[in-house]
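Residue 14 is where the sequence shown starts when you use my numbering, and the numbers rise one by one after that. For reference, the structure discussed in these notes is given below.
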Amino acid sequence: MNGSQLAAALDTACARLASTGDELRELDAEVGDGDLGITITKGAAAVRTRLAALAADATPNEVVLAAAEAFGEANPSTFASLVSSGLRAGAKATDLTEVSVTEVVALGQVVAATIMRRGKSAVGDKTIIDALVPSLDAAELSAHDGAAALEAAIAGAAAGIADTTGIAAKKGRAAWAGDRGMGIPDAGATAYLRFLESLR
């Protein structure tokens, strides 16, 4: 996959992701301020606009950097900032020569490490990390076929969300809800799952 093909895949995914805005807004409103739906819809639109302006010969790394910057600039939310900084770090640390499963997992691991460091979070805190880390682990253990790896990542993310739905969040606005958040899936983790599903 070259840069142009990656940009096209991300454009399609972001177009699909925009339709999840209401679901994510309602889920986020259960324990927070409900702004995640806006963050995702505005961010997805901004990414599509930025990708459309890229040169046809943009490299995969340039595509990821452009998407990261656009998503972060579209909204001043903590979620957007963390995701953007993670993607920027990943794109700078990983050489996406073929956009293979191995390369994407390596990039994702940098994204996860960056989000955990900047957000002072860990697996089990009921954040996006609880979907991101299991999805990467599952993809890494797959047969390294793109479609199979994506399905493994989706299953891993869904399992991670299910594993933390019954606990109270330890980070972010959702943590303010305390026990009231028990039984409610994390909105950020769900947004990441919806993104993966949009890549199908």
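Think of the CB as a built atom: it goes at the ideal place given N, C-alpha and C, for glycine as much as any other residue.
Three-state secondary structure (DSSP) of residue i
{"i": "residue 47", "result": "coil"}
{"i": "residue 112", "result": "coil"}
{"i": "residue 195", "result": "coil"}
{"i": "residue 129", "result": "helix"}
{"i": "residue 207", "result": "helix"}
{"i": "residue 17", "result": "helix"}
Beta-carbon proximity list for residue i, same chain, < 8 Å, skipping 5 on both sides
{"i": "residue 35", "result": "50"}
{"i": "residue 39", "result": "47 and 50"}
Extent of the continuous alpha helix (DSSP H) to which residue i belongs
{"i": "residue 74", "result": "73-87"}
{"i": "residue 146", "result": "142-153"}
{"i": "residue 169", "result": "159-178"}
{"i": "residue 101", "result": "91-106"}
{"i": "residue 212", "result": "Element bounds for residue 212: n/a, residue is neither H nor E."}
Residues near residue i by beta carbon distance below 6 Å, same chain, minus five either side
{"i": "residue 144", "result": "170, 173, 174, 202, 205 and 206"}
Any non-hydrogen atom of the ligand MG closer than 7 Å to residue i Cβ
{"i": "residue 179", "result": "In the structure on display, the ligand MG does not appear, and there are no ligands present to speak of."}
Cβ-based neighbour list, residue i, same chain, cut-off 7 Å, excluding 5 preceding and 5 following
{"i": "residue 53", "result": "30, 33, 34, 37 and 204"}
Are the segment 46-62 and the segment 189-197 touching, with three or more C-beta to C-beta distances below 8 Å?
Segments in contact, no.
The segment 124-138 / the segment 108-115 touching (three or more Cβ pairs under 8 Å)
With contact defined as three or more Cβ pairs closer than 8 Å, the segment 124-138 and the segment 108-115 are not in contact.
The segment 81-89 contacting the segment 114-123, beta-carbon criterion three pairs below 8 Å
The segment 81-89 is not in contact with the segment 114-123.
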